[in-house]
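First up is the structure itself, then whatever we jot down about it.
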Amino acid sequence: MSSPRDRIDGFLAQWSRERPDLDTTPLEVVARVVRVSGHLDRLVDGWLLRMELKWWELDVLGALRRSGEPFRLSPGELSNRLMVTSGTMTTRLDRLEEKGFVKREPAAHDRRGVVVSLTVQGRRRIDDAMSTHLANLAAVLESLSEEDALVLTDSLRALLIALEGTGQDEPGVESPIYAAHS
Numbered sequence: 049m050s051s052p053r054d055r056i057d058g059f060l061a062q063w064s065r066e067r068p069d070l071d072t073t074p075l076e077v078v079a080r081v082v083r084v085s086g087h088l089d090r091l092v093d094g095w096l097l098r099m100e101l102k103w104w105e106l107d108v109l110g111a112l113r114r115s116g117e118p119f120r121l122s123p124g125e126l127s128n129r130l131m132v133t134s135g136t137m138t139t140r141l142d143r144l145e146e147k148g149f150v151k152r153e154p155a156a157h158d159r160r161g162v163v164v165s166l167t168v169q170g171r172r173r174i175d176d177a178m179s180t181h182l183a184n185l186a187a188v189l190e191s192l193s194e195e196d197a198l199v200l201t202d203s204l205r206a207l208l209i210a211l212e213g214t215g216q217d218e219p220g221v222e223s224p225i226y227a228a229h230s
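The numbers in the numbering used here rise by one with no breaks, and the one at position 78 of the sequence shown is 126.
Below, the structure written as structure tokens:
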């Protein structure tokens, strides 16, 4: 019994017919990753819309929540972790502060510095959003066996390391799931 064919198989067959001299093997992986990414982007966009959140809000609130008690980082640390400019981060923090999700306070050890922390409302919002988000993602992945999910995880990790390194050389710098939307 052969496995089911997808749209990528169809266009690879067309390339093989029209240009048998080309090795289309790389497209077997890359084209599928691109299509899966597009589908996930649309799904997550819809989920976030229903939660009245944007990608970047999830990113910033998530970075603060993952930092641990007291859920506080400097704007520079946030910019670095989320790989956005300081100007972009300032605008995002302004908007999140207006919504009551974060607050800025003077840094304890630097009179010119500022720290950003989650408010109670912000912590509630990110905790609720992540519970819903992870449940939605789990439902999407239900079609994979546990073994297939582990193989896919290891394979994608190896590909990401080849593309961007391990991140071990830059402590505190993260590659967020949603960097493409930042």
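The C-beta atom is built at its ideal place from N, Cα and C for all residues, glycine as well.
Tell me which residue opens and which closes the alpha helix (DSSP H) that Arg205 is part of.
194 to 212
Is it buried or exposed for Asp69, if we count other Cβ within 10 angstroms and need 16 for buried?
exposed
Tell me Ala111's beta-bridge partners as DSSP assigns them.
Paired residue(s): none; Ala111 is not in a bridge.
Secondary structure at Ala155, three-state DSSP: helix, strand or coil?
strand
Spatial neighbours of Gly161 within its chain, please: CB distance less than 6 Å, with the 5 preceding and 5 following residues excluded, ordered by chain position.
Ala155
Closest to Leu88 by CA distance: which of Ala187, Glu195, Arg65, Gly170 is it?
Ala187
Relative to the C-alpha of Arg53, which candidate in Glu195, Ala197, Arg80 has its C-alpha closest?
Arg80
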